[in-house]
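First residue of the first sequence: 11, per my numbering; consecutive thereafter. Note that CB positions come from ideal geometry on N, CA and C, so glycine has one too. Read through the structure below, which is laid out as structure tokens, and then see the notes.
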Amino acid sequence: MKKYIPSQIEPKWQKKWEETDLYSIDLTKPDKFYCLAEFAYPSGDLHMGHWFTFGGADIFARTKRMQGLNVFFPNGFDAFGLPAENAAIKRGIHPKTWTNENIKTMKKQFASMGGSYEWGHQVITCDPEYYRWNQWIFLRMLKRGIAYRGKALVNWCPFDQTVLADEQVVVGQCDRCGNAVIQKEVEQWFLKITQYAERLIWPDKPTINWPQAVREGQNNWIGKSEGIEIEFRIKNLESRIKVYTVFPETIFGVTFMVLAPEHPLVSQLIKPEYKIEADQYTKEAQKKSAVERMSEEKHKTGVFTGSYCINPANGKEIPVWIADYVIASYGTGAVMGVPGSDHRDFEFAKKYGLEIIKVISKSASDKSEIVTENDVLEAGFIVNSGQFDGLETPLSARDKIKDWMEEEGFGKRKVNYHLHDWSVSRQRYWGTPIPIIHCDKCGIVPVPDEDLPVELPADVDFTPKGEPPLATAKAWVAVKCPKCKGEARRDTETLDGFFDNSWYFFRYLDPKNSKEIFSKKIVEKWIPVDIYFGGAEHTLGHTLYSRFFTEFFKDIDLIGVDEYALRRINHGIVLGTDNEKMSKSRGNVVDPDKEVKKYGADTIRIYVAFFMPYDATGPWVPERIWGPYRFLQRVWGLQEKVATAEDGRQKTEDLRMMHKTIKKVTEDIEQIKFNTAIAALMEWLNHLSRKEKIAKEEYKTFLLLLAPFAPHTTEELWQVVESSVVSRQSSDNANLKADSEASLKTDSWSIHKQSWPKSDNKYLENEEVSIAVQIDGKVRDILVIGKDIVNNKEVVEKMAYECKKAQKFLEGKFVKKTVYIQGKIISFVVSN
RNA sequence: GCCCAGGUGGCGGAACGGUUUACGCGCACGACUCAAAAUCGUGUGGUCUAACGACCAUGUGGGUUCAAAUCCCACCCUGGGUACCA
């Protein structure tokens, strides 16, 4: 037997698999299974996160393949994005060069993992043949009014000089560079994802299998609320102020009105004597960054405008204020102040000495005043509200008041969403050019389909100057208007990278199609994806956008399904050895390449799969690598024990162990419980190690079950046991070449083309059963009985009663009750 | 604040009404070795006991049950998401 040296066998098999095209598939064959892992951004190197995503997906894909399914497991690169451009600015390398080099490196690293990808279907998003279809989709969206040009307050990163979507702002900071994000009014391209809000809400009991955390996270983000819009007349002015509320039952408690500083009526409302103060407040509020606004979270500030409006419910005059705790972009940008039932309004009223009226109380007869924050109630009984007094809210009062408001004509029911339209314009170079031409005569003109793709020009100045880099490519910008043939300019912005990755899994199926976005026939057969592995951080971004694109594709008759993935699996995170997130600046990064060199890819694959549940987060602990490494060593050593047919016959106990393990491993993989699947294999290994000889059948079954986890080691060992010279000679290349040419052609030579073992229930039962004997809830003895008397309660009871250890606790006592759970436990109750 | 997930040995974790601590790491002892590493074997929750054994242990406090880590109620702590959303 040779020694187990991973570095000698792993590259050998990787090469062989590639040469024989082992993992390529024919999409026209039946029994489809689409196994998808989030494709990587080509940042330069594979990190542990990739091992998690792709390792898990690969284990699953390999298992399904062995189970006889036609598994499609593609890979590609999400290649547009800021890091490429930053590298260009910093080091003078063109983003394209930088990206291509990284892709080359990373493909090598993917191979070193032993991944079973179908590279023949690779998708790289910065390839014009891919992004031309981004442009094509954008133009379809434009036609349908889903893509539109709008001026709006957006998140702006002053460092990256670009707009960010809400999802790209993390605690008030840019998710790319970490600088504080400010609010800025910019003209933008938006996607009307809000039109799809209702369709994107998850039902309580979905038919597809996505984690509850993702579903709830998305629903909260969409943030549907059912309220009412109420109009307030302004004293001495024509205009009206609209507010949105979900608590209309508090209308009689409204004592003031608050507008966001950005509200369009603000300038009209400010009376001359308040102008200086109010103008200053408004200006300052708009300058504040999100971080600054948040740091002042606790204290509310505002200014009085000098104007009054009328509460339509009771005709009372109430003052109009401006305050930055009101968000301009939510609802109507104005809020009715109900200090008696809203904590923020209460704090504001206290601070500025505004009137506080109690409209909700603990009981219908409670007439006490509101003194402290504890008296502020959102639910209870309506008081001081005319004809509505005594009703309970929200139970009976809310709908009655809504009805009344609608009848009286100052209120209208409205549904609101927290979800905003998606701003997709980015003032960056390395992205999909927006296929639009701006013409002074014709306005916004779409680039005709036949002129797609609009390719990125190569010669551009990348340094941020306040205008998009593409604007520096003068020759590229200048273009004839497709309508009037006059002088016109190209749009110089690019699409948000999330646009690219919202639909890549469709293109995987037909990546070389130059006539259409994809063949409907292929997609119809293969979508939805059967299982999608990825990171929890994509709950509110990528996975939600993809669902939106799927709905849009359905609307333009490209596909017929509502959801693109039947099952979503979130993976966890490997932290650095210091239990902190791995980052270069922290210097706690574990480099997978180095670990592979030391222990081999199979060991790392098992480490990642074994030491935590797949969705857990925990640190990389270097000593722990020895567990998986020793495990593979022992599996390797076991080949010495493989016996000839006669002396290796399996006993009942052996067969039970084997079938138990087959069952456990199969079920655990299906449920993405890789850690316990491996534990089961370790238990079986411990059992096999204790034996003198093991049957060839046993060893082969063991290797098959281990194959998805350790593809290289098992491939090597498979060749050893399959060759006739078991345990005498090693399976060097000489042996391999001796393999018949025919078997090489049919792929049947490889362990990864074998059938997955099946467990047979008839071996699972034990001859003897151990039953715990409990007295007053405590286990006192273990009774071992034959299988044949397990269902004879009286006999078991008698035997249990007579157990020596049990007797000690039963002697002289009266048994009040006996409970027997067949084959598991017998419980005597003697005390009170 | 709100929503979600979770608190089990020295550590990562199993079990998710029925023999708590599978599997692995670490540690201790033993074998091999001139020696070390590697490897193999044995042991390993706590307290008390010479020992047999007994008692106590799944964040805390209650409850349901013959039986609770598991179900119910209250509270504490940790991680993640989200946030003046009216």
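query, result
"Own chain partners of Leu8 with C-beta closer than 8 Å, once the 5 adjacent residues on each side are dropped", "This structure cannot settle anything about residue 8, because the visible part of the chain is limited to 11 through 842."
"Three-state secondary structure (DSSP) of Val264", "coil"
"Three-way DSSP call (helix, strand, coil) for Asn580 in this model", "strand"
"Buried versus exposed call for Ala744 [16 or more other C-beta atoms within 10 Å across all chains shown]", "The predicted model places Ala744 with a pLDDT of 43, which falls under 50 and marks its position as unreliable; any figure quoted below should be read in that light. Burial call: exposed."
"Pair within 9 Å by beta-carbon distance, Ile541 and Leu519", "no"
"Exposure label - Asp413; buried when at least 16 CB within 10 Å", "exposed"
"Phe64 classed as buried or exposed, judged by whether at least 16 other C-beta atoms fall within 10 angstroms", "buried"
"Rounded C-alpha distance that separates Asn355 from Val348", "Strictly speaking, residue 355 in this sequence is Asp, with Asn absent from that position. Cα to Cα, the separation comes out at about 6 Å."
"Pairwise C-alpha distance: Met123 and Leu554", "30 Å"
"Residue range of the unbroken alpha helix (DSSP H) whose run includes Arg666", "662-680"
"Entirely enclosed alpha helix (DSSP H) segments - the region 312-393, minimum 4 residues", "353-362"
"Terminal residues of the beta strand (DSSP E) in which Ala422 lies", "Note that residue 422 is Lys in the sequence shown, not Ala. Start and end: 421-426."
"Extent of the continuous alpha helix (DSSP H) to which Ser122 belongs", "105-122"
"Euclidean distance between Cα positions of Val730 and Leu79", "27 Å"
"Local conformation of Trp166 per DSSP, three classes", "strand"
"Candidates Cys813, His722, Val789: closest to Tyr14 by CA position", "His722"
"Simplified DSSP assignment, three categories, for Thr613", "helix"
"Close beta carbons around Ser378, own chain, < 8 Å, minus the five adjacent residues each side", "Lys368, Ser371, Asp385"
"DSSP three-state assignment for Ile836, whether helix, strand or coil", "strand"
"Alpha helix (DSSP H) runs contained entirely in the region 148-232, provided each spans 4 or more residues", "207-210, 222-232"
"Per-residue burial, Gly421 [other beta carbons within 10 Å of its own, 16 or more giving buried]", "buried"
"Sub-9 Å separation of Gln132 and Pro84 beta-carbons", "yes"
"Distance CB(Gly628)-CB(Val584) smaller than 9 Å", "yes"
"Among Ala288, Val264, Phe824, nearest to Gly325 - alpha-carbon criterion", "Val264"
"Length at least 3, wholly inside the region 468-494: the beta strand (DSSP E) runs in chain order", "488-490"
"For Lys530, the nearest candidate out of Glu503, Phe509, Phe563 (CA to CA)", "Phe563"
"Nearest candidate by alpha-carbon position, reference His309, set Glu357, Asp289, Val336", "Glu357"
"Contact the region 432-444 vs the region 393-405: 3+ CB pairs below 8 Å", "no"
"Sequence-distant residues of its chain with Cβ nearer than 6 Å to Cys187 (five each side left out)", "Phe169, Asp170"
"Nearest-angstrom beta carbon gap, Phe621 and Asn696 [assumed within contact, 8 Å]", "Not really, about 18 Å apart at Cβ, beyond 8 Å."
"Same chain, Cβ closer than 7 Å to Lys670, five either side skipped, listed in chain order", "Leu774"
"Enclosing alpha helix (DSSP H) for Arg596 [first to last residue]", "Arg596 -> no alpha helix (DSSP H), and no H or E assigned at all."
"Three-state secondary structure (DSSP) of Glu241", "strand"
"Any non-hydrogen atom of the ligand MG within 8 Å of Tyr318 CB", "As for the ligand MG, it is missing from this structure, which has no ligand bound."
"Ile380 to Tyr51 span [Cα, whole Å]", "56 Å"
"Assigned exposure category for Ile286 - 16 Cβ within 10 Å defines buried", "exposed"
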